[in-house]
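> I am attaching a structure below and will ask some questions about it afterwards.
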Amino acid sequence: MRLLLAVVVILPLLAQRGAGARGQAGRPDAAASKPEPEEGIPVNDSLVIEKCSSCHQKDAKGNLSRISFVRTTPEGWQEAIKRMLRLNGLQLKPEEARAIVKSLSATHGLAPEEAKPVMYIAEQRIIDETIPNDTVREACTSCHALGRAASWRRSKEDWDLLAAMHTGLYPVSDISFHRFRPPSDAPPQPGVDTRQPVEQALEYLSKTYPLHTPEWATWRARMRAPKLSGRWLVSGYQLGRGKVIGEMQVEPGGSDDEFTTSLKLTYLKDGSTVTRTGKANVFTGYSWRGRSAAKSAAAAPSPTNAGGVPEELREVMWVSPDQSQMEGRWFWGAYQEFGFDVTLRRAGDGPSVLAVDRTMLKTGSTAQRVKIYGDNFPRVTAADIDFGTGVTVKRLVDQDVGHVTAEVDVDAKAIVGKRDVSVRRAVVPNAIAVYDKIDYLKVSPETALARLGGNSHPKGFQQFDAIAYNRGPDDKPHTPDDVELGPVDAEWSVEEFYAVYGDDDKDFVGALSPSGFFTPSSEGPNPKRKFSRNNYGDVWVVATYKGELGKDGKPLTAKSYLVVSIPLYVRWDQPEVGQ
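If you want our numbering, it's the position in the sequence shown, counting the first as 1, plus 120.
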């Protein structure tokens with residue numbers, strides 16, 4: 121039986137490869153038409169040369185093979201070094217590894233404009249990627265996110281070598297790389313690309329993510345040591361707990377690109393505070409990577425506190441090229457499932473507006489109180505506060521240097537949409553929405569992943585929010601001009617996602633709290649389930665909002681598709697190794 125299986129599998133492979141060889145042999149002057157090799161990026165760091173050149177040969181121009189023909193993020197270089205340690209016997213001390221990552225990120229990194237579209241990889245976000253075509257989807261994203269490839273820049277030759285490495289280390293990739301068809305002498309159909317998926321994908325990757333780009337050339341000249349010391353104003357959002365504001369004091373560390381931090385955050389929803397201290401490195405002049413520890417007692421995630429108070433929190437931020445702003449995600453959890461989306465701005469001598477305590481104002485409403493949070497507020501009058509046309513500031517209820525509470529009336533005919541809020545010349549853009557009615561909801565995230573655990577492996581939780589939307593100026597819902605109004609208090613439930621006959625996943629996958637916090641069940645066989653299956657499954661998470669009725673006269677509802685999977689038993693790349 122094994123011999124028969126081998127024949128069935130191997131013969132098509134040989135036939136396909138034979139057909140490919142015939143095709144190459146038929147090309148005139150294939151060797152003569154080989155393009156000139158691209159110029160590499162020389163390596164001048166003595167430690168990199170010492171530790172890497174025994175395998176990566178150095179040429180007369182100072183290039184190290186492979187290394188000089190790629191650029192990537194700090195995480196990309198860390199991953200490459202780990203692979204060298206695992207597979208090729210590289211010997212490094214932790215401080216040497218950190219120095220090499222820092223050096224290569226500076227000389228063989230990404231420009232800020234190149235890194236920003238793939239920040240979600242370092243930020244540990246789960247998103248639905250936009251895949252350029254079905255060939256790339258088949259050849260690359262069958263196994264990993266496209267962002268992993270898009271985090272690298274390579275020469276054409278090195279993209280080819282990467283595909284060869286996949287075939288050598290992960291033979292199953294050949295299933296995605298090649299279409300194994302019996303050879304045929306029939307001419308191809310007009311307009312049909314007969315190349316293998318891997319060849320088409322490599323063409324896309326080498327053209328879209330080349331080694332040399334104008335962005336990198338510009339940044340190499342512009343790059344400078346990060347001067348980030350000082351006081352930074354923080355505004356952010358956490359699923360389930362809402363808006364946070366605060367400040368972070370950044371102090372110089374042991375070198376120009378190392379810093380220590382002290383942080384205080386306040387949740388606007390309940391007034392609770394968090395204080396933390398930490399350390400950070402800045403790579404390539406803009407890539408902030410930090411960790412902070414809680415000064416107060418840590419708290420485990422639960423339905424009452426969303427992600428809890430983590431002992432350690434990781435920080436990934438993109439620093440603007442002018443070093444006036446930072447944005448990114450601070451995250452924690454066994455699967456990095458909890459986090460703040462944050463924006464930091466330098467604190468100045470003048471006033472700054474950070475946030476407002478509510479997200480929406482209804483047309484025709486009166487005496488609505490809005491608390492505006494900021495920094496260095498002077499004594500102001502109602503005339504100094506502006507919400508845009510149709511919103512009148514009637515009076516100021518209270519104020520100090522950190523906040524102003526205004527009472528406003530909204531005209532019944534006020535234009536629907538997002539509004540800037542200003543205190544004199546200080547402005548926070550798109551801070552609050554004016555609306556006439558809530559037209560529909562969305563559940564955030566719209567697709568989600570949780571993991572069973574609690575026995576031998578940790579649980580992977582998931583927090584949900586119900587977000588309200590207005591139909592926008594075109595008077596049609598679910599179009600690009602719709603206005604996001606912000607989170608609303610909804611009732612939460614779980615419904616079956618029917619995938620098979622007799623589906624019963626909702627009875628086993630876990631529990632959803634009244635606040636939208638999903639706690640998965642334990643891992644392992646469940647004797648109460650048919651065939652003693654594990655508690656995995658897929659379900660709908662449903663939000664119901666009774667504060668507004670839809671056109672059918674019923675409360676508004678929205679759904680999120682939740683997959684509850686088994687624990688991640690094997691971690692191929694362990695982030696804690698790089699601490």
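From the three backbone atoms N, C-alpha and C, an ideal C-beta is built for every residue, glycine too.
Using alpha carbons as the reference points, say which of D520, K491 and V511 lies closest to V500.
Of the listed residues, the one whose Cα sits closest to V500 is D520.
> Quick check: D469 and Y357, are their CB atoms within less than 8 Å of each other?
Contact flag unset, no.
> In its own chain, which residues sit with a C-beta less than 6 Å from the C-beta of H228, not counting the 5 before and 5 after it?
Contacts found: I161 and R191.
> So, is N550 buried or exposed, given that buried needs 16 or more other C-beta atoms within 10 angstroms?
Counting Cβ neighbours within 10 Å, N550 comes out exposed, since fewer than 16 surround it.
> Starting from the C-beta of S422, find all residues in its chain whose C-beta is less than 7 Å away, skip the five residues before and the five after it, and write them out in chain order.
Only G428 meet the Cβ criterion.
> Quick one: give me the first and last residue of the alpha helix (DSSP H) that F297 is part of.
Unbroken alpha helix (DSSP H) run through F297: S293 to F297.
> What three-state label does DSSP hand V473 in the structure shown?
Strand.
> In whole angstroms, give me the CA-to-CA distance for V614 and S564.
So the alpha carbons of these two residues sit roughly 15 Å apart.
> Could you say which of K557, F637, I220 and T463 lies nearest to V354 if we only look at CA atoms?
Among K557, F637, I220 and T463, the Cα nearest to that of V354 belongs to T463.
> Can you look up R245 in the DSSP assignment and give me helix, strand or coil?
R245 falls in the coil class under three-state DSSP.
> In or out: S416 buried (at least 16 other Cβ within 10 Å) or exposed?
So S416 ends up on the exposed side.
> Check this for me: beta carbons of V543 and G494, under 8 Å apart or not?
Cβ atoms of V543 and G494: closer than 8 Å.
> Tell me where the beta strand (DSSP E) around G398 begins and ends.
Element bounds for G398: T393 to F403.
> Strictly by DSSP, which residues pair up with A663?
DSSP, once it has assigned bridges, lists W612 and A678 as partnering A663.
> Using the DSSP secondary-structure output, state which residues sit across from H523 in a beta bridge.
Per DSSP, Y493 and D520.
> Unbroken beta strand (DSSP E) runs of length 3 or more, entirely within the region 581-643: which are they?
If we require 3 residues or more, the beta strand (DSSP E) runs fully inside the region 581-643 come out as 585-590, 603-608, 611-616, 630-632 and 637-640.
> Relative to the C-alpha of G644, which residue among Y656, F637, P634 and P308 is closest?
With distances taken between Cα atoms, G644 lies closest to Y656.
> Tell me whether E156 is buried or exposed, calling it buried when 16 or more other Cβ atoms sit within 10 Å of its Cβ.
E156 comes out exposed.
> Among I558, V683 and P687, which residue has its Cα nearest to the Cα of G670?
The option with the nearest alpha carbon to G670 is I558.
> How many Å lie between Y618 and V490 at the Cα?
Answer to the nearest angstrom: the Cα atoms are 44 Å apart.
> Looking only at its chain, what residues have a beta carbon closer than 6 Å to the beta carbon of S223, apart from the 5 residues adjacent to it on each side?
Excluding residues within five positions, the ones whose Cβ falls inside 6 Å are D165 and V168.
> Cβ atoms of W452 and E432: under 8 Å apart, would you say?
Closer than 8 Å, so yes.
> Taking 8 Å as the cut-off, decide whether the C-beta atoms of T483 and A534 are in contact.
For T483 and A534, yes; Cβs fall inside 8 Å.
> With DSSP run on the structure shown, which of helix, strand or coil describes F651?
Correct three-state label for F651: helix.
> Would you identify the three-state DSSP class for M446, choosing helix, strand or coil?
Note: M446 maps to strand in three-state DSSP.
> Within 10 angstroms of its Cβ, does K327 collect 16 or more other Cβ (buried), or is it exposed?
Label assigned to K327: exposed.
> Using the Cα positions of F628 and A570, report the straight-line distance between them to the nearest angstrom.
Distance between the alpha carbons of F628 and A570: 13 Å.
> In the DSSP assignment, find the unbroken beta strand (DSSP E) run with D540 in it and report its ends.
G537 to V543 is the span of the beta strand (DSSP E), which, as asked, contains D540.
> Under DSSP, the beta strand (DSSP E) around G410 begins and ends at which residues?
That run of the beta strand (DSSP E) goes S407 to A414.
> If we count the other Cβ atoms within 10 Å of its Cβ and call it buried at 16 or more, is P303 buried or exposed?
With fewer than 16 Cβ atoms within 10 Å of its Cβ, P303 is classed as exposed.
> Is it right to say P372 is buried, meaning 16 or more other beta carbons lie within 10 angstroms of its own, or is it exposed?
It is exposed - the Cβ of P372 has fewer than 16 other Cβ atoms within 10 Å.
> Going by CA-CA distance only, name the one from T193, S173 and A180 that's closest to M204.
Measuring from the Cα of M204, the nearest candidate turns out to be S173.
> Under 8 Å: do the region 635-652 and the region 525-541 share three or more Cβ pairs, one atom per stretch?
Flag = no, the region 635-652 and the region 525-541 do not touch.
> Start and end of the beta strand (DSSP E) containing Y555?
Per DSSP, Y555 belongs to the beta strand (DSSP E) from A546 to Y555.
> In angstroms, rounded to a whole number, what distance separates the CA positions of N401 and S349?
Their backbone Cα atoms lie some 12 Å apart in a straight line.
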